[in-house]
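Working notes, structure below.
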Amino acid sequence: MNENNTTSITFFPEDRLNPHFSIQIWAIGWLGILKSCIWIFTDPIGPDGILKTMGIRYLIMTIPFFCVSIGIFNKKKWAVWGMILVCVLEILFFLIYPKTMNTLVLDNLTTISLIFSMVIFVINGPISDVLILIVIPFIFKFLKD
Numbered sequence: 189m190n191e192n193n194t195t196s197i198t199f200f201p202e203d204r205l206n207p208h209f210s211i212q213i214w215a216i217g218w219l220g221i222l223k224s225c226i227w228i229f230t231d232p233i234g235p236d237g238i239l240k241t242m243g244i245r246y247l248i249m250t251i252p253f254f255c256v257s258i259g260i261f262n263k264k265k266w267a268v269w270g271m272i273l274v275c276v277l278e279i280l281f282f283l284i285y286p287k288t289m290n291t292l293v294l295d296n297l298t299t300i301s302l303i304f305s306m307v308i309f310v311i312n313g314p315i316s317d318v319l320i321l322i323v324i325p326f327i328f329k330f331l332k333d
């Protein structure tokens with residue numbers, strides 16, 4: 189890649205490990221990537237209809253979450269607006285289909301499983317979307333374009 193090319197996008201920009209790299213950008217980028225692939229690592233339970241609805245949601249939202257997260261890592265303004273749109277759409281999804289929240293079950297068999305399921309619940313559900321929308325206004329000053 190050309191070092192003078194400011195429009196290039198890399199999966200992990202070289203400056204992401206520098207102390208001046210914004211923690212907000214870093215956190216939102218990783219949260220978006222986790223949201224895009226969390227379904228692969230979990231085994232949700234629930235009625236078939238609700239699981240089918242959640243499966244369709246993941247099929248539709250996985251690529252946008254992943255793409256805008258990589259764009260945010262690269263400090264692109266379009267990615268921030270994309271993340272806002274994707275988060276709002278996901279919150280609307282949970283408002284339209286409230287029964288899908290039942291697939292985000294908290295497992296309290298052991299302390300470890302409870303902690304793990306709480307983390308999955310936060311990442312997978314609308315809580316992370318709200319957190320992203322709260323933090324996003326603070327990253328505009330770090331953007332390149």
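Everything in the sequence shown is counted per our numbering, starting at 189 for the first residue and increasing by one.
Ideal Cβ positions, reconstructed from N, Cα and C, are used throughout, including at glycine.
It should be emphasised that the depicted structure is a prediction, and the values quoted were computed from it without experimental measurement.
With 16 as the cutoff for other CB atoms within 10 Å, does Ile-244 come out buried or exposed?
Counted from its first residue, the sequence shown places residue 244 at position 56. By the beta-carbon neighbour count (other beta carbons within 10 angstroms, threshold 16), Ile-244 is exposed.
Is the segment 251–260 close to the segment 213–222, with three or more CB pairs under 8 Å?
When C-beta atoms of the segment 251–260 are compared with those of the segment 213–222, three or more pairs fall below 8 Å, so the two segments count as touching.
From Val-318, Lys-263 and Met-289, pick the residue whose C-alpha is nearest to that of Glu-202; which is it?
By 1-based counting over the sequence shown, the position of residue 202 is 14. Restricting attention to Val-318, Lys-263 and Met-289, the CA atom closest to the CA of Glu-202 is found in Lys-263.
Put Val-293 into one of helix, strand or coil per three-state DSSP.
Position 105 of the sequence shown, counted from the first residue, corresponds to residue 293. In the three-state DSSP reduction, Val-293 falls in the coil class, being neither helix nor strand.
Would you check if the distance between the CB atom of Gly-234 and the CB atom of Thr-291 is smaller than 8 Å?
Numbered from 1 along the sequence shown, position 46 holds the residue referred to as residue 234. Numbered from 1 along the sequence shown, position 103 holds the residue referred to as residue 291. Between Gly-234 and Thr-291, the C-beta spacing is below 8 Å.
Kindly indicate which residue of Ile-324, Met-306, Met-249 and Ser-301 has the alpha-carbon position closest to the one of Trp-266.
Stepping through the sequence shown from its first residue, residue 266 is reached at position 78. Comparing Cα-Cα distances from Trp-266 to each of Ile-324, Met-306, Met-249 and Ser-301, the minimum goes to Ile-324.
Tell me, to the nearest whole angstrom, how far the beta carbon of Ile-327 is from that of Val-268; I am working on the premise that it is less than 8 Å.
On the sequence shown, position 139 is the one that residue 327 refers to. On the sequence shown, position 80 is the one that residue 268 refers to. In this structure, Ile-327 and Val-268 form a Cβ contact; the two beta carbons are roughly 6 Å apart against a cut-off of 8 Å.
What's the gap between the Cα of Phe-261 and the Cα of Ile-213?
Start at 1 with the first residue of the sequence shown, and residue 261 comes out as number 73. Start at 1 with the first residue of the sequence shown, and residue 213 comes out as number 25. So the alpha carbons of these two residues sit roughly 6 Å apart.
Hey, quick one: how far does the alpha helix (DSSP H) through Ser-257 stretch, first residue to last?
As a working mapping, residue 257 is identified with position 69 in the sequence shown. From DSSP, the alpha helix (DSSP H) with Ser-257 extends over 236–261.
Between Ile-315, Pro-252, Trp-227 and Thr-299, which lies nearest to Thr-241 when the distance is taken from Cα to Cα?
Taking the sequence shown and counting its residues from 1, the one referred to as residue 241 is at position 53. When only C-alpha atoms are compared, the closest one is Trp-227.
Buried or exposed (CB count within 10 angstroms, at least 16 for buried), Ile-308:
Mapped onto the sequence shown, residue 308 falls at position 120. When all chains shown are included, Ile-308 counts as buried.
What are the start and end residues of the alpha helix (DSSP H) that includes Gly-220?
Position 32 of the sequence shown, counting from 1, holds the residue named residue 220. From DSSP, the alpha helix (DSSP H) with Gly-220 extends over 211–229.
Whose C-alpha, out of Asn-206, Phe-253 and Asn-296, is nearest the C-alpha of Asp-317?
Start at 1 with the first residue of the sequence shown, and residue 317 comes out as number 129. Among Asn-206, Phe-253 and Asn-296, the Cα nearest to that of Asp-317 belongs to Phe-253.
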